[in-house]
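What follows is a short report on a single structure.
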Amino acid sequence: MIQLDQLSLARQLDIVFKELEEELAGLNSGTVFVQIRNNVIGKFGIRHNPVQGRNGFLDSQEPGLNEAQQLSFRAMALESLKHKRRWTHGEISYEFMVRQGTIVVDAILESNYNMANLMIRYPRHTYAETVSES
Numbered sequence: 244m245i246q247l248d249q250l251s252l253a254r255q256l257d258i259v260f261k262e263l264e265e266e267l268a269g270l271n272s273g274t275v276f277v278q279i280r281n282n283v284i285g286k287f288g289i290r291h292n293p294v295q296g297r298n299g300f301l302d303s304q305e306p307g308l309n310e311a312q313q314l315s316f317r318a319m320a321l322e323s324l325k326h327k328r329r330w331t332h333g334e335i336s337y338e339f340m341v342r343q344g345t346i347v348v349d350a351i352l353e354s355n356y357n358m359a360n361l362m363i364r365y366p367r368h369t370y371a372e373t374v375s376e377s
């Protein structure tokens, strides 16, 4: 059996988009997010506002992403991984919407670090020497 940490981040993201196909087929905007720890996707999902209203009336829901739009979205998400540098923990959010039949995607990459982990790498005496030299 293959472990998640044996799959590339791109392959894991591909699996995420496969899992979200049905949900994306019912949405024309929202945010797909993936949370990453040690270069492994854990939690993922979609944030969206399912009800929009104006002047006391609810707007009718437009159709969701078609197959071509989903393929384009997935390709843009995979391409965005090229901008991930060095970090292993964080979140990537993909804000998407359909405009005039074309899907528009903004990718937001967020790196996370833990100071407690850094204190192991930079012992107190090393840090004190660095500060006193400044």
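Convert by adding 243 to the 1-based position in the sequence shown; the result is the number in my numbering. Here a beta-carbon is modelled for each residue, glycine too, at the ideal position from N, C-alpha and C.
Out of 288, 273, 279, 278, state which residue places its alpha-carbon closest to the alpha-carbon of residue 261.
Nearest option by C-alpha distance: 288.
Residues that DSSP places opposite residue 280 in a beta bridge
DSSP, once it has assigned bridges, lists 283 as partnering residue 280.
Neighbour-count burial assignment, residue 269, 16 or more Cβ in a 10 Å radius:
Counting Cβ neighbours within 10 Å, residue 269 comes out exposed, since fewer than 16 surround it.
Which residue wins for smallest C-alpha separation from residue 311, given the options 367, 254, 264?
Ranked by Cα distance from residue 311, the options 367, 254, 264 are led by 264.
Enclosing beta strand (DSSP E) for residue 342 [first to last residue]:
Residues 333 to 342.
Round the Cβ separation of residue 361 and residue 321 to the nearest angstrom and send it over; I've been treating them as touching at under 8 angstroms.
In this structure residue 361 does not touch residue 321 by the C-beta definition: roughly 31 angstroms separates them, more than the 8 angstroms allowed.
With a threshold of 6 angstroms on Cβ separation, who are the neighbours of residue 318 within its own chain once the five nearest residues in sequence on each side are excluded?
Correct list: empty, nothing qualifies.
From which residue to which residue does the alpha helix (DSSP H) around residue 257 run?
From DSSP, the alpha helix (DSSP H) with residue 257 extends over 252 to 267.
What are the boundary residues of the beta strand (DSSP E) that residue 353 is part of?
That run of the beta strand (DSSP E) goes 345 to 354.
Taking 7 angstroms as the limit between beta carbons, can you name the residues of its chain near residue 346, skipping five residues before and five after?
So the list reads 308, 312, 315, 316, 339, once near-sequence residues are dropped.
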